[in-house]
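I have placed the structure first, in the form of C-alpha coordinates, so that the comments after it can refer back to it.
Residue numbers (this note's numbering): 20 to 185.
Next comes the structure, spelled out in C-alpha coordinates:
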(Lines of atoms letter the chains of each structure in order from A and count residues from 1; the text may use other names and numbers.)
(Lines give C-alpha, C1' and ligand atoms only; values in the text may rest on other atoms or scores of the structure.)
Protein backbone atom coordinates (compact mmCIF):
# COMPACT_ATOMS: atom_id res chain seq x y z
CA UNK A 1 0.00 0.00 0.00
CA UNK A 2 1.63 3.27 -1.16
CA UNK A 3 1.96 5.74 1.68
CA UNK A 4 2.29 9.50 2.10
CA UNK A 5 3.75 11.03 5.25
CA UNK A 6 2.97 14.68 5.97
CA UNK A 7 4.95 16.60 8.58
CA UNK A 8 4.66 20.15 9.91
CA UNK A 9 7.56 19.72 12.35
CA UNK A 10 7.18 21.41 15.72
CA UNK A 11 5.11 24.24 14.27
CA UNK A 12 1.45 24.81 13.51
CA UNK A 13 0.47 24.63 9.84
CA UNK A 14 -3.27 23.91 9.82
CA UNK A 15 -3.60 25.16 6.25
CA UNK A 16 -1.37 22.29 5.05
CA UNK A 17 -3.39 19.73 7.01
CA UNK A 18 -6.65 21.17 5.63
CA UNK A 19 -5.25 21.16 2.08
CA UNK A 20 -3.91 17.60 2.09
CA UNK A 21 -7.13 16.19 3.61
CA UNK A 22 -9.40 18.05 1.18
CA UNK A 23 -11.60 15.90 -1.06
CA UNK A 24 -9.70 17.09 -4.16
CA UNK A 25 -6.25 16.27 -2.74
CA UNK A 26 -7.40 12.85 -1.52
CA UNK A 27 -8.87 12.11 -4.95
CA UNK A 28 -5.54 12.97 -6.62
CA UNK A 29 -3.57 10.88 -4.13
CA UNK A 30 -5.88 7.91 -4.75
CA UNK A 31 -5.54 8.36 -8.53
CA UNK A 32 -1.75 8.22 -8.10
CA UNK A 33 -2.00 5.00 -6.11
CA UNK A 34 -1.52 6.35 -2.59
CA UNK A 35 -3.85 4.66 -0.10
CA UNK A 36 -2.28 5.44 3.28
CA UNK A 37 -1.90 8.98 4.67
CA UNK A 38 0.03 9.65 7.89
CA UNK A 39 -0.16 13.18 9.31
CA UNK A 40 2.15 14.73 11.90
CA UNK A 41 0.17 17.84 12.84
CA UNK A 42 2.41 19.44 15.47
CA UNK A 43 0.90 22.24 17.53
CA UNK A 44 -1.95 22.84 15.09
CA UNK A 45 -5.58 22.98 16.10
CA UNK A 46 -6.51 20.15 13.72
CA UNK A 47 -6.15 16.44 14.48
CA UNK A 48 -8.18 14.67 11.78
CA UNK A 49 -9.69 11.32 12.67
CA UNK A 50 -9.77 8.27 10.38
CA UNK A 51 -13.37 9.03 9.41
CA UNK A 52 -12.43 12.43 7.94
CA UNK A 53 -10.88 10.79 4.85
CA UNK A 54 -12.96 7.68 4.12
CA UNK A 55 -11.18 6.86 0.85
CA UNK A 56 -7.72 6.40 2.35
CA UNK A 57 -6.33 4.88 5.52
CA UNK A 58 -5.62 7.94 7.69
CA UNK A 59 -3.47 8.18 10.80
CA UNK A 60 -2.70 11.43 12.60
CA UNK A 61 -0.57 12.38 15.59
CA UNK A 62 0.91 15.53 17.07
CA UNK A 63 4.47 14.55 18.06
CA UNK A 64 6.73 11.53 18.43
CA UNK A 65 10.26 11.24 19.76
CA UNK A 66 11.33 10.47 16.19
CA UNK A 67 9.60 10.52 12.82
CA UNK A 68 12.45 8.60 11.16
CA UNK A 69 10.37 5.41 10.86
CA UNK A 70 7.42 7.33 9.36
CA UNK A 71 9.78 8.84 6.78
CA UNK A 72 11.33 5.43 6.06
CA UNK A 73 7.91 3.82 5.50
CA UNK A 74 6.65 6.59 3.19
CA UNK A 75 6.70 6.49 -0.60
CA UNK A 76 6.30 10.29 -0.62
CA UNK A 77 6.91 12.86 2.10
CA UNK A 78 5.09 16.19 2.12
CA UNK A 79 6.66 18.63 4.53
CA UNK A 80 6.70 22.22 5.68
CA UNK A 81 9.86 23.98 4.52
CA UNK A 82 11.78 23.87 7.78
CA UNK A 83 15.48 23.17 7.20
CA UNK A 84 15.60 20.33 9.74
CA UNK A 85 12.63 18.51 8.23
CA UNK A 86 13.93 18.96 4.68
CA UNK A 87 17.38 17.63 5.55
CA UNK A 88 15.99 14.64 7.48
CA UNK A 89 13.79 13.59 4.55
CA UNK A 90 16.44 14.21 1.89
CA UNK A 91 19.01 12.39 4.00
CA UNK A 92 16.67 9.38 4.10
CA UNK A 93 16.53 9.41 0.28
CA UNK A 94 12.77 9.90 0.08
CA UNK A 95 10.92 11.94 -2.56
CA UNK A 96 10.01 15.27 -0.99
CA UNK A 97 7.29 17.79 -1.78
CA UNK A 98 7.75 20.91 0.34
CA UNK A 99 4.75 23.11 1.02
CA UNK A 100 5.87 26.66 1.76
CA UNK A 101 3.81 28.60 4.26
CA UNK A 102 3.29 31.77 2.24
CA UNK A 103 1.60 33.43 5.24
CA UNK A 104 4.96 33.84 7.00
CA UNK A 105 6.66 37.20 6.87
CA UNK A 106 10.34 37.31 5.82
CA UNK A 107 9.97 33.82 4.40
CA UNK A 108 13.37 32.12 4.50
CA UNK A 109 11.57 28.81 3.92
CA UNK A 110 10.79 29.84 0.36
CA UNK A 111 14.48 30.57 -0.30
CA UNK A 112 15.51 27.15 1.00
CA UNK A 113 12.80 25.37 -1.03
CA UNK A 114 13.71 27.27 -4.20
CA UNK A 115 17.39 26.45 -3.85
CA UNK A 116 16.82 22.73 -3.22
CA UNK A 117 14.33 22.67 -6.10
CA UNK A 118 16.80 24.40 -8.43
CA UNK A 119 19.26 21.63 -7.57
CA UNK A 120 16.50 19.04 -8.35
CA UNK A 121 16.37 17.63 -4.81
CA UNK A 122 12.70 18.38 -4.13
CA UNK A 123 9.47 19.77 -5.51
CA UNK A 124 7.72 22.67 -3.81
CA UNK A 125 4.41 24.49 -3.82
CA UNK A 126 2.06 26.43 -1.56
CA UNK A 127 -1.19 25.22 -0.02
CA UNK A 128 -3.15 26.86 -2.82
CA UNK A 129 -1.21 24.91 -5.46
CA UNK A 130 -0.81 21.62 -3.55
CA UNK A 131 -3.52 19.62 -5.32
CA UNK A 132 -2.36 20.72 -8.77
CA UNK A 133 1.26 19.96 -7.85
CA UNK A 134 0.28 16.48 -6.66
CA UNK A 135 -1.64 15.92 -9.90
CA UNK A 136 1.28 16.94 -12.15
CA UNK A 137 4.37 15.99 -10.13
CA UNK A 138 7.09 13.87 -11.70
CA UNK A 139 9.16 12.36 -8.91
CA UNK A 140 11.54 10.76 -11.42
CA UNK A 141 13.24 14.13 -12.00
CA UNK A 142 14.47 14.32 -8.40
CA UNK A 143 18.15 13.76 -7.69
CA UNK A 144 19.51 12.32 -4.43
CA UNK A 145 20.82 14.81 -1.90
CA UNK A 146 24.26 13.70 -0.86
CA UNK A 147 24.78 14.47 2.82
CA UNK A 148 28.07 16.21 3.38
CA UNK A 149 30.01 17.91 6.06
CA UNK A 150 28.06 20.20 8.39
CA UNK A 151 30.14 23.18 7.24
CA UNK A 152 29.08 22.61 3.62
CA UNK A 153 25.41 22.58 4.66
CA UNK A 154 25.91 25.66 6.87
CA UNK A 155 27.55 27.51 3.99
CA UNK A 156 24.68 26.45 1.71
CA UNK A 157 22.11 27.76 4.19
CA UNK A 158 24.01 31.01 4.58
CA UNK A 159 24.02 31.52 0.79
CA UNK A 160 20.39 30.47 0.39
CA UNK A 161 19.26 32.80 3.16
CA UNK A 162 21.54 35.66 2.22
CA UNK A 163 23.40 35.64 5.52
CA UNK A 164 26.80 37.30 5.51
CA UNK A 165 29.53 36.09 7.85
CA UNK A 166 32.12 38.46 9.31
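The beta-carbon is built from N, C-alpha and C at its ideal position, and this holds for glycine as well.
Residue span of the beta strand (DSSP E) that contains residue 26, given as start and end
As a first step, residue 26 is located in the chain shown; it is residue number 7 there, counting from the start. That run of the beta strand (DSSP E) goes 21-26.
Would you check if the stretch 89-99 and the stretch 68-77 touch, i.e. whether three or more CB-CB distances between them fall below 8 Å?
no
Can you tell me whether residue 83 is buried or exposed, with buried defined as 16 or more other CB within 10 angstroms of its CB?
By 1-based counting over the chain shown, the position of residue 83 is 64. Exposed, by the Cβ-count rule.
Helix, strand or coil for residue 98 per DSSP?
Position 79 of the chain shown, counting from 1, holds the residue named residue 98. Strand at residue 98.
List the endpoints of the continuous beta strand (DSSP E) containing residue 55.
Taking the chain shown and counting its residues from 1, the one referred to as residue 55 is at position 36. Unbroken beta strand (DSSP E) run through residue 55: 53-59.
With contact counted as at least three CB pairs below 8 Å, one residue from each stretch, are the stretch 128-135 and the stretch 96-109 in contact?
yes
Would DSSP call residue 115 helix, strand or coil?
As a working note, residue 115 is residue 96 in the chain shown. Here residue 115 sits in strand by DSSP.
Look up residue 83 in the DSSP assignment and give the residues it is bridged to.
As a working note, residue 83 is residue 64 in the chain shown. Residue 83 pairs with nothing; no bridge assigned.
Going along the chain, which unbroken runs of the alpha helix (DSSP H) with 4 or more residues stay wholly within the stretch 133-168?
149-155
Tell me whether the stretch 128-148 and the stretch 106-118 touch, counting them as touching only if at least three CB pairs, one residue from each stretch, are closer than 8 Å.
yes
Compute the distance between the beta-carbons of residue 61 and residue 40, then report whether it is under 8 Å.
Taking the chain shown and counting its residues from 1, one reaches residue 61 at position 42. Taking the chain shown and counting its residues from 1, one reaches residue 40 at position 21. Not a contact, by the Cβ cut-off of 8 Å.
Along the chain, where does the alpha helix (DSSP H) that runs through residue 38 open and close?
In the chain shown, residue 38 corresponds to position 19, counting from 1. Taken as a continuous stretch (DSSP letters only), the alpha helix (DSSP H) holding residue 38 covers 33-39.
DSSP state of residue 129 mapped onto helix, strand, coil
The residue given as residue 129 occupies position 110 in the chain shown. Correct three-state label for residue 129: helix.
Any idea which residues DSSP pairs residue 78 with across the strands?
Against the chain shown, residue 78 aligns to sequence position 59. Per DSSP, 57.
Go ahead and pull the three-state DSSP assignment for residue 105.
Here residue 105 corresponds to residue number 86 of the chain shown, with the count starting at 1. In this structure, residue 105 counts as helix in the three-state DSSP scheme.
Looking only at C-alpha atoms, which of 20, 50, 31 sits nearest to residue 151?
If you number the chain shown from 1, residue 151 lands on position 132. The residue with the shortest Cα to Cα distance from residue 151 is 50.
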